[in-house]
Amino acid sequence: GIPYHSIETLIVEAPDYGHETTSEAYSYWIWLEAVYGKLTGNWEPLKTAWENMEKYMIPQHEDQPTNNFYDPSSPATYAPEWNLPDYYPSELDSSVPVGADPIYAELRSTYGTSDIYGMHWLLDVDNWYGYGSRGDGVSTPSYINTFQRGPQESCWETVPHPSWEEFKWGGPNGFLDLFTGDASYAKQWRYTNAPDADARAIQALYWAKVWADQQGGSAIVDSLLAKGAMMGDYLRYSFFDKYFKPLGTTSPRTPGATGYD
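Counting in the numbering used here, the sequence shown runs from 5 upward without gaps.
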């Protein structure tokens, strides 16, 4: 029940292969089911689409198992970003000051978990690349990633790699040393959120609520609103600088932010 990004396999778009899927595709699926509910009064397909998205596009706790070790006072290590893939790997620089994450404690207190409720942007639906789930090499679907090396890296220049890095594929450090330079590398997991897609899914729920209320209300739509609101709470991360620097800063040496600055 996972929609492909496109029927065709050979495409030149954000995905490098049509039978991957994206959070963008899911957001439009949710939007279409909202419109279907408006036209027919049947909101079950909207619920089905959202639950499918939750199951497959939002990493489960087992996919993000160590978030409880995250330190919001030291959220990231700086790596310069370059225009061309040729300039990568980019050396990590721990001397660059980073800010504090001002919303982590609030989110954890509100929802009782350190897990992120947001979509990863790219899924290898049929495990075409063979990375599998959590490094097993066989399970479908498979969280993967591509773009890592600056704004001029085309989709076919990217190196598709597993989101769960077990050093089973690529080189001795998996794929990590293609993108960042470091003294040593650790096995890890990492996901990328496309906030426009999450926002579109939330917007679809907003309109579903408007249209359902015009029909006299829908318990199904009302039950989804809390999930949309939760996704919106996590979506606030997209308003912050990657390293929690003050918004608008142009220098890596600018001190980190301490709140919403």
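Ideal Cβ placement from N, Cα and C applies to all residues, glycine included.
Problem - Distance, A198 Cα to Q207 Cα - result: 15 Å
Problem - Helix, strand or coil at Q219 [DSSP, three-state] - result: coil
Handout entry: Whether E48 touches I224 by CB criterion (8 Å)
Key = yes
Handout entry: Given K59 as reference, the closest of I6, E24, V39, P101 once Cα atoms are compared
Key = I6
Exercise for the section: Report the rounded CA-to-CA distance for A38 versus S222, giving the unit in angstroms. Expected result: 12 Å
Problem - Residues that Y82 bridges to, as DSSP identifies them - result: D97
Practice task
Tell me whether the beta-carbon of P84 lies closer than 8 Å to the beta-carbon of L182.
Solution key: no
Exercise for the section: Inspect the beta-carbon positions of W125 and A203 and report whether they are closer than 8 Å. Expected result: no
Problem - Three-state secondary structure (DSSP) of H3 - result: Outside the displayed span of the chain (5 to 265) sits residue 3, for which this structure offers no information.
Handout entry: Spatial distance of Y74 from G263 (CA atoms)
Key = 17 Å
Practice task
Inspect the beta-carbon positions of D97 and P79 and report whether they are closer than 8 Å.
Solution key: no
Exercise for the section: Please name the residue or residues paired with S146 in a DSSP beta bridge. Expected result: D128
Practice task
Please classify F243: is it buried, with 16 or more other beta-carbons within 10 angstroms of its beta-carbon, or exposed?
Solution key: exposed
Problem - Reduced DSSP category for Q192 - H, G, I as helix; E, B as strand; rest coil - result: strand
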